[in-house]
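**Q**
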Amino acid sequence: MDRSTLILSILFTLTASTTNFFSPVLAGTFDTEFDITWGDGRGKVLNNGDLLTLSLDKASGSGFQTKKEYLFGKIDMQLKLVPGNSAGTVTAYYLKSKGDTWDEIDFEFLGNLTGDPYVMHTNVYTQGKGDREQQFNLWFDPTADFHTYSVLWNPHHIVFLVDDIPVRQFKNLEHRGIPYPKMQPMRLYSSLWNADQWATRGGLVKTDWSNAPFTASYRNFRADACVSSGGKSSCPASSPRWFSQRLDLTAEDKMRVVQRKFMVYNYCTDSKRFPQGFPKECRLH
């Protein structure tokens, strides 16, 4: 079996077993659910609120955020990333709380030369501390069509999903002395910006501004989440399904297949970075 056939076989099995994993979600339009926060017109809401685009040129990138804050939820967004030679650009898509000891759940998509794979960078911050990077090569062209990138965040774990396939899990291990995001509500943010000092091959490949403006597109935002306001959270009727959701053994096995075949960096195996020993959660997951 050749590589492409093998990948399709794996992903068909994964999708078949996980598509109905989570409860139905609540959709919102970009004009009602989001504010474009920077970029001087480079962020645009189109198609009666159903589509949002961010663009980047040499002068500036752009970004947006949700009007609401969430404390636990299942968040979905479809993205179509910058096509062509996207080296040096980063499309960030993340949940983040306020303050100096913030919590954060990150997707970042690191652009690359035409034809080379995008790197999907993930990270989890608790109380202002991150350093939990895992990176994956996507198994499809994320610039050719929209794909769904999701975060499931409940009291048990954080799960990163791509097209409903779990690719990473960060468990709540507070009972073992590891902080877990559970007290600070987060907004969803996204931005498109120039990071050619580090984004592509450690900064070796710079942004080619002759290709500007660079554009990323967003649609089908859904948040089945507890909305936080004034120190109180209000949860939708469907929340009990995702609020207690855990990955079963089959789903964890499928996630390990993705990690084995597509993960290109894992902080839990970077011995040069942690000469005194790996972070505690690396030994407990």
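According to mature numbering (1 follows the signal peptide of the UniProt record, and there is no 0), the stretch in the sequence shown is residues -17 to -1, 1 to 268, in order.
Using N, Cα and C, we set each Cβ at its ideal position, and we do this for glycine too.
#1: What do you reckon, is the C-beta of residue 233 under 8 Å from a heavy atom of the ligand ATP?
#2: Per DSSP, what are the beta-bridge partners of residue 18 in this structure?
#3: Less than 9 Å separating the beta-carbons of residue 104 and residue 228?
#4: Express the C-alpha separation of residue 193 and residue 266 in angstroms, rounding to a whole number.
#5: In its own chain, which residues sit with a C-beta less than 6 Å from the C-beta of residue 5, not counting the 5 before and 5 after it?
#6: Below 8 Å, can you find three or more Cβ-Cβ pairs linking the region 63 to 79 to the region 90 to 104?
#7: For a quick check, are the C-beta atoms of residue 253 and residue 68 less than 9 Å apart?
#8: Between which two residues does the alpha helix (DSSP H) containing residue 234 stretch?
#9: Check residue 56 in the structure and name its three-state DSSP category.
#10: In whole angstroms, what separates the C-alpha of residue 8 from that of residue 255?
#11: Check whether the Cβ atoms of residue 162 and residue 109 sit closer than 9 Å, and answer yes or no.
#12: If you compare alpha carbons, which of 61, 19 and 171 is closest to residue 270?
#13: Does the distance from the CB of residue 99 to the CB of residue 195 come in under 9 Å?
#14: Nearest by alpha-carbon distance to residue 213: which of 43, 24 and 53 is it?
#15: Buried or exposed: residue 24, going by 16 or more other Cβ atoms within 10 Å of its Cβ?
#16: State the Cα-Cα distance for the pair residue 14 and residue 32, rounded to the nearest angstrom.
#17: How should residue 263 be labelled, buried or exposed, when 16 other C-beta atoms within 10 angstroms of its C-beta is the threshold for buried?
#18: Measuring only the C-alpha atoms, how far is residue 35 from residue 206?
#19: Please classify residue 59: is it buried, with 16 or more other beta-carbons within 10 angstroms of its beta-carbon, or exposed?
#20: Measuring straight from C-alpha to C-alpha, what distance separates residue 215 and residue 81?
**A** In short:
#1: Absent from the structure shown: the ligand ATP. Ligands present: none.
#2: 48
#3: no
#4: 46 Å
#5: Caution applies to residue 5, whose pLDDT of 40 falls short of 50 and renders its modelled position unreliable; the value that the coordinates give is listed next. Counting only Cβ-Cβ distances below 6 Å, and skipping sequence neighbours, we find 57 and 225.
#6: yes
#7: no
#8: 232 to 245
#9: It is a strand residue.
#10: Residue confidence for residue 8 is low, a pLDDT of 45 falling below 50, so the modelled location carries little weight; the figure read from the coordinates is stated next. Distance between the alpha carbons of residue 8 and residue 255 is about 42 Å.
#11: yes
#12: The displayed coordinates of the chain run from -17 to 268. Any statement about residue 270 would go beyond what the structure contains.
#13: no
#14: Of 43, 24 and 53, the residue nearest in Cα terms is 53.
#15: Counting Cβ neighbours within 10 Å, residue 24 comes out exposed, since fewer than 16 surround it.
#16: Their Cα atoms are separated by approximately 5 Å.
#17: Under this definition residue 263 is an exposed residue.
#18: 16 Å
#19: buried
#20: 16 Å
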